[in-house]
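Novice:
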Amino acid sequence: MTTIGESITLAQLELDPYPALARLRADEPVSHVPDMDMWLVTRWDDVQLVHDRPDLFTSATEPSWLNTVLGRNMLGSDGDEHRRLKDALQPSFTPTATGRWVSERLPEICDELIDAFDPSGTDLMTAYAEPIAVRALQDSLQWDNASWQQIGEWTRGVCTGLANFANDPELSGIAARANAESGESIHERVVPHLAHTGLTPDEIVNNVRLCMSGGINEPRDGIALAVWALLTHPAALADCRGDDTLWRNACEELFRWISPVATSTRQTTADATVSGVTIPAGALVAAIISSANRDERRWSHPDRYDLHRKEGPHLAFSTGPHVCLGAWLGRSTVRVAVQHLFHRLPGLHLRDADGVEIRGFEFRGPVRMDVVW
Ligand code: HEM
2 MTTIGESITL AQLELDPYPA LARLRADEPV SHVPDMDMWL VTRWDDVQLV HDRPDLFTSA
62 TEPSWLNTVL GRNMLGSDGD EHRRLKDALQ PSFTPTATGR WVSERLPEIC DELIDAFDPS
122 GTDLMTAYAE PIAVRALQDS LQWDNASWQQ IGEWTRGVCT GLANFANDPE LSGIAARANA
182 ESGESIHERV VPHLAHTGLT PDEIVNNVRL CMSGGINEPR DGIALAVWAL LTHPAALADC
242 RGDDTLWRNA CEELFRWISP VATSTRQTTA DATVSGVTIP AGALVAAIIS SANRDERRWS
302 HPDRYDLHRK EGPHLAFSTG PHVCLGAWLG RSTVRVAVQH LFHRLPGLHL RDADGVEIRG
362 FEFRGPVRMD VVW
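Residue numbers (the working numbering): 2 to 374.
#1: Quick one: using the 10 Å Cβ neighbour count with 16 as the cut-off for buried, is His315 buried or exposed?
#2: Short of 6 Å in beta carbon distance, which residues of its chain neighbour Leu172, apart from the five on each side in sequence? Order them along the chain.
#3: Verify whether the separation of the beta carbon atoms of Arg26 and Thr43 is less than 8 Å.
#4: Determine the burial state of Thr62: buried for a count of at least 16 other Cβ atoms within 10 Å of its Cβ, exposed for fewer.
#5: Excluding the 5 residues preceding and the 5 following Ile187 in the sequence, name in chain order all residues of the same chain whose CB lies nearer than 6 Å to its CB.
#6: In whole angstroms, give me the CA-to-CA distance for Ala236 and Arg295.
#7: Let's test the definition: count the other Cβ atoms within 10 Å of the Cβ of Asn74 and tell me whether it reaches 16, buried, or not, exposed.
#8: Count the other CB atoms within 10 Å of the CB of His52; is the residue buried (16 or more) or exposed (fewer)?
#9: Please return the same chain residues whose Cβ sits closer than 6 Å to the Cβ of Gln143, not counting the five positions on each side in sequence.
#10: Helix or strand or just coil, what does DSSP make of Gly366?
#11: Beta carbon of Met126, beta carbon of Val159: below 8 Å?
#12: Using DSSP bridges, identify the partner residues of Val324.
#13: Quick one: give me the first and last residue of the alpha helix (DSSP H) that Arg295 is part of.
#14: Decide if Asp244 is buried, meaning its Cβ has at least 16 other Cβ atoms within 10 Å, or exposed.
#15: In this structure, does DSSP put Ala288 in helix, strand or coil?
#16: My understanding is that Ala293 touches Trp45, with C-beta atoms under 8 Å, so please give their C-beta distance in whole angstroms.
#17: Would you report the Cα separation of Gly366 and Leu16, rounded to the nearest angstrom?
#18: For Arg249, tell me which candidate among Ala287, Leu232, Leu308 has the shortest Cα-Cα distance.
#19: Within 7 Å: the Cβ of Gly356 and any heavy atom of ligand 1?
#20: Less than 8 Å between the CB atoms is what I'm expecting for Met39 and Val286, so what's the real figure, rounded?
#21: With a threshold of 8 Å, are at least 3 pairs of Cβ atoms found where one atom belongs to the segment 221 to 229 and the other to the segment 91 to 101?
#22: Distance, Cα to Cα, Phe256 vs Arg101?
#23: Exposed or buried, Glu219, counting other C-beta atoms within 10 Å across all chains shown (16 or more means buried)?
#24: What's the call for Glu189, buried or exposed, on a 16-neighbour Cβ count within 10 Å?
#25: Whose C-beta lies closer than 8 Å to the C-beta of Arg345 among residues of the same chain, with five residues either side of it excluded?
#26: By DSSP, does Met39 sit in helix, in strand, or in coil?
#27: Helix, strand or coil: how does DSSP classify Leu90 here?
#28: With respect to the beta strand (DSSP E) encompassing Arg24, which residues constitute its N-terminal and C-terminal limits?
#29: Count the other C-beta atoms from every protein chain shown that fall within 10 angstroms of the C-beta of Pro281, then say buried if there are 16 or more, exposed otherwise.
#30: When you compare only the Cα positions, how much space is there between Trp258 and Ile359?
#31: Report the CB separation of Arg267 from Ala288 in whole angstroms; it is logged as a contact under 8 Å.
#32: Would you call the CB atoms of Val70 and Ala167 closer than 8 Å?
#33: Please identify the residue among Asp169, Arg106, Ala263 whose C-alpha is closest to the C-alpha of Asp222.
#34: If you follow the beta strand (DSSP E) that Gln13 is in, where does it begin and where does it stop?
#35: Between Cys375 and ligand 1, is the CB less than 7 Å from at least one heavy atom?
#36: Should His375 be listed as close to ligand 1, given that the test is whether its C-beta is under 7 Å from any heavy atom?
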């Protein structure tokens, strides 16, 4: 008899993961998917367990694609090394360090971008969400010797390398160029700012590259997805317009409903039993955040986007030692960008309400999003 896992393909998950994840949660919560050669863990409690037990589910996988492409970094390490790297960079992303940027500079950046929109309509991803996401990271790191467009292009190159599992030489070339050029720029400007952390220049470069790959696409997708969620749920949008405190709920509920980072990858250090299933030592495990965030055991009507939900926190920024380094900055950036856009453009709507294509399994977001106002 074939298992559910055997019938699942990555291509199908990239298109729309939610039906397959619901089947797994119900009948095969810990499942080997041969198409990915990975164990998928899909229920809320089990996803938390994977995140909370680095001794059993390590981030320092062997081999580590993340470390190979970016150079050794905090998400590809555990224990003391992880702590040292994270402690050194955390102060750059706290509310104390970035709060003023969020409340004062970010609204100005939003205005500048909106003022430059093509009046006949625009792709919100490229004209608004991406530049804001790049600027948030760039300004937090005082990375001022390259334009945001250039950093955006390097980020695409670095991410090309991360997705190049088949080792396509052309893609490797793009990634190598982006790594080299961004590395040089980070060395020149960001390394001196972070010299006081005690990290070596290479450690700074590798972890800034990690922040590019992990800290730009996610706020970008979060902004666009939250706008899309509100435009396709007019009653929720009307509620936000009537009560400014609800913009926060709108964004948090979006992170739960469609988590931009949908999986986290770990490797078992020994045989590990989860929900009665034994995963062998050395296996790759994907803790499916997007599935935990729709687990019927945790949420009522989980497939519904409901900004009045009062069921507590979601897992979109993970939990345990690898909880997102930029969680405060990421969620604040998304909220301010979304709120500001709707305030500035009260007539905002999708050019084609059914035409927004949302893609991706590991990372999920719109391909583009055409809006008019
Ligand atoms: C809306 C935005 C964001 C979302 C949804 C998000 C989500 C996540 C998730 C789920 C993880 C855990 C990955 C894992 O355990 O394998 C993570 C880790 C991480 N994130 Fe974010 N992130 C966001 C924004 C940012 C930003 C703005 C930065 C920039 C500093 C950032 C930097 C990182 C880093 C460096 C890690 C690794 C932390 C560690 O290994 O301890 N993220 N993020």
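Where a beta carbon is used, it is the ideal one built from N, C-alpha and C, also for glycine.
Specialist: Concretely, from the data shown:
#1: buried
#2: Thr161, Asn165
#3: yes
#4: buried
#5: Val206, Val209
#6: 22 Å
#7: buried
#8: buried
#9: His194
#10: strand
#11: no
#12: BP columns for Val324 are empty, so no partner.
#13: Premise fails: Arg295 is in no alpha helix (DSSP H) and is neither H nor E.
#14: exposed
#15: strand
#16: 4 Å
#17: 11 Å
#18: Leu308
#19: no
#20: 7 Å
#21: no
#22: 24 Å
#23: buried
#24: exposed
#25: Cys111, Asp112, Ile115
#26: strand
#27: helix
#28: No beta strand (DSSP E) contains Arg24, which is instead part of the alpha helix (DSSP H) from 19 to 28.
#29: exposed
#30: 13 Å
#31: 7 Å
#32: no
#33: Ala263
#34: Element bounds for Gln13: not the beta strand (DSSP E) but the alpha helix (DSSP H), 11 to 16.
#35: Nothing can be reported for residue 375: it is not among the residues displayed for the chain, which extend from 2 to 374.
#36: With the chain covering 2 to 374 only, the question about residue 375 has no answer from this structure.
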